[in-house]
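J.: So for the sequence shown, our numbering puts the first residue at 55; every next one is plus one.
Before we start, here is the structure in question, set down as structure tokens.
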Amino acid sequence: MYSIKEQTKEQLAEWLKAHGQPAFRATQIHDWLFKKLAMTFDEMANLPKALREELAADFSACALEIETAQTDNDRTVKWLSRLHDGHTIETVLIRAPKRNTVCVSTQVGCQVHCVFCATGRQGFARNLNVSEIVDQVVLASREAGELVTNVVVMGMGEPLHNLQNLIPALEMICSPDGFGLGARHVTVSTSGVPRGIRQLADLQRPWNLAVSLHAANNELRSKIIPPKFRARIEDIRDAVAYYREKTGRMPTIEYVLVDGLNDSFDDASALADVAHDFHAKVNLIPCNSEDPRFAPPPAEKCEKFLSVLTKRNLQATLRMRKGKNIRAACGQLRQAEEES
Ligand code: SF4
55 MYSIKEQTKE
65 QLAEWLKAHG
75 QPAFRATQIH
85 DWLFKKLAMT
95 FDEMANLPKA
105 LREELAADFS
115 ACALEIETAQ
125 TDNDRTVKWL
135 SRLHDGHTIE
145 TVLIRAPKRN
155 TVCVSTQVGC
165 QVHCVFCATG
175 RQGFARNLNV
185 SEIVDQVVLA
195 SREAGELVTN
205 VVVMGMGEPL
215 HNLQNLIPAL
225 EMICSPDGFG
235 LGARHVTVST
245 SGVPRGIRQL
255 ADLQRPWNLA
265 VSLHAANNEL
275 RSKIIPPKFR
285 ARIEDIRDAV
295 AYYREKTGRM
305 PTIEYVLVDG
315 LNDSFDDASA
325 LADVAHDFHA
335 KVNLIPCNSE
345 DPRFAPPPAE
355 KCEKFLSVLT
365 KRNLQATLRM
375 RKGKNIRAAC
385 GQLRQAEEES
């Protein structure tokens, strides 16, 4: 079944005409979908019931069927949603004062297989289509009570392996004809796909780019990301430089801190060199894996690592862990559901 959101205005107008409906209905439907964040045709109260039924027979209003929703004490919400073919994906809403951020998935599973990641371990099934990506924003926005303030493309999957659907989804999220979210409030996080970074850069949209390096040299990185989809740091750096040049945005290096693996003073010092080379900010993330081999370093060690970076005049942050009681790290909820 076709998603109504993916119909162009012309296609929708044609459909309405063929069903004997006046043209203004297109604006009403559009309003329900993109301004009032409707997930069903039944909610579209100013449309005649017969029209709502006809729409429901030809289109889907939402690609997601909520399987489970879990809320943590810090009000982080995590959903597992079922797709039309039975696959499941995760979406997380992270709340902060004056800020509601949705973390969206772009694939069912992931081909990159980072060692600490539950999604990677589950293998790869398929790319999400445009509405499956966009409807995660709708889901989180409804929970937040208004359009989310930020979208981070950091959930299940490598977003740059699904650029063909990610790009139209982001355009729909940011376009005034869609949800109208400011492009600077969107962050795309990649494990480092130079070709995809360049393709994204060529669009010259001011979306933020975050690159998950997790290591400051290729040898250490090879212990974290298997070879098939691992690019050399030098190639990622060149692609990131191109992104910066095309978009004017300062990139972020994401660095998952794993106890005893990449958290030494020397690692921090090497990361500082790389971050300067990338002209990037750094976001440190204590590892949140269920695999005991990939534990987070003690808090004090994380702080020391951070101070090495800040003393080198880098913008660096240590990310607070949110949603820890609901397995909010990517892929953990889906894995738990499948094992239960
Ligand atoms: S961390 Fe991201 S890129 Fe790595 S396996 Fe998990 S989903 Fe894929």
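All residues carry an ideal CB built from backbone N, CA and C; glycine is no exception.
Please determine if the stretch 154-170 and the stretch 196-213 are in contact, where contact requires at least 3 C-beta pairs separated by less than 8 Å.
T.: In short, these stretches touch, since the Cβ pair count reaches three.
J.: What does a CB cutoff of less than 7 Å around Cys168 pick up in its chain, not counting 5 residues either side in sequence?
T.: Along the sequence shown, read from residue 1 onward, the residue named residue 168 stands at position 114. So the list reads Gly174, Ser245, Ile278 and Ile279, once near-sequence residues are dropped.
J.: Could you give the distance in angstroms between the alpha-carbon of Ala349 and the alpha-carbon of Val312?
T.: By one-based count along the sequence shown, residue 349 stands at place 295. By one-based count along the sequence shown, residue 312 stands at place 258. Roughly 6 Å separates the two Cα atoms.
J.: Whose C-beta lies closer than 7 Å to the C-beta of Gln75 among residues of the same chain, with five residues either side of it excluded?
T.: For this step, residue 75 is matched to residue 21 along the sequence shown. For Gln75, where only same-chain residues beyond five positions count, the Cβ hits under 7 Å are Leu105.
J.: Could you tell me the distance, in whole angstroms, from the CA atom of Lys90 to the CA atom of Thr364?
T.: Here residue 90 refers to the residue found at position 36 when the sequence shown is read from its first residue. Here residue 364 refers to the residue found at position 310 when the sequence shown is read from its first residue. Between Lys90 and Thr364, the C-alpha separation is close to 43 Å.
J.: Would you give the residue range spanned by the alpha helix (DSSP H) that Gly250 belongs to?
T.: One-based indexing of the sequence shown puts residue 250 at position 196. Where Gly250 is concerned, the enclosing alpha helix (DSSP H) stretches over Pro248 to Asp256.
J.: For ligand 1, any of its heavy atoms closer than 7 Å to the Cβ of His138?
T.: Taking the sequence shown and counting its residues from 1, one reaches residue 138 at position 84. Outside the cutoff, so no.
J.: Less than 8 Å between the C-beta atoms of Leu147 and Glu197, yes or no?
T.: Within the sequence shown, numbered from 1, the residue matching residue 147 stands at position 93. Within the sequence shown, numbered from 1, the residue matching residue 197 stands at position 143. A contact, by the Cβ cut-off of 8 Å.
J.: Just reading off the beta strand (DSSP E) that Glu147 is part of, what are its end residues?
T.: As a first step, residue 147 is located in the sequence shown; it is residue number 93 there, counting from the start. For clarity, residue 147 is Leu in the given sequence; the question names Glu instead. First-last of the beta strand (DSSP E) with Leu147: Thr142 to Ala150.
J.: Figure out for me which residue from Met208, Ser114, Arg129 and Ala99 has the closest Cα to the Cα of Glu144.
T.: Walking along the sequence shown from the start, residue 144 turns up at place 90. Among Met208, Ser114, Arg129 and Ala99, the Cα nearest to that of Glu144 is on Met208.
J.: Report the CB separation of Phe95 from Met55 in whole angstroms; it is logged as a contact under 8 Å.
T.: The sequence position of residue 95 within the sequence shown is 41, counting from 1. The sequence position of residue 55 within the sequence shown is 1, counting from 1. Wrong, their Cβ atoms sit about 12 Å apart, outside the cutoff.
J.: Out of Phe88, Ala72 and Arg180, which has the shortest C-alpha to C-alpha gap to Gln161?
T.: Translated into positions along the sequence shown, residue 161 becomes position 107. When each option's Cα is compared against that of Gln161, the closest is Arg180.
J.: According to DSSP, what are the bridge partners of Tyr309?
T.: Counting from one through the sequence shown, the residue named residue 309 turns up at place 255. Bridge partners of Tyr309: Leu338.
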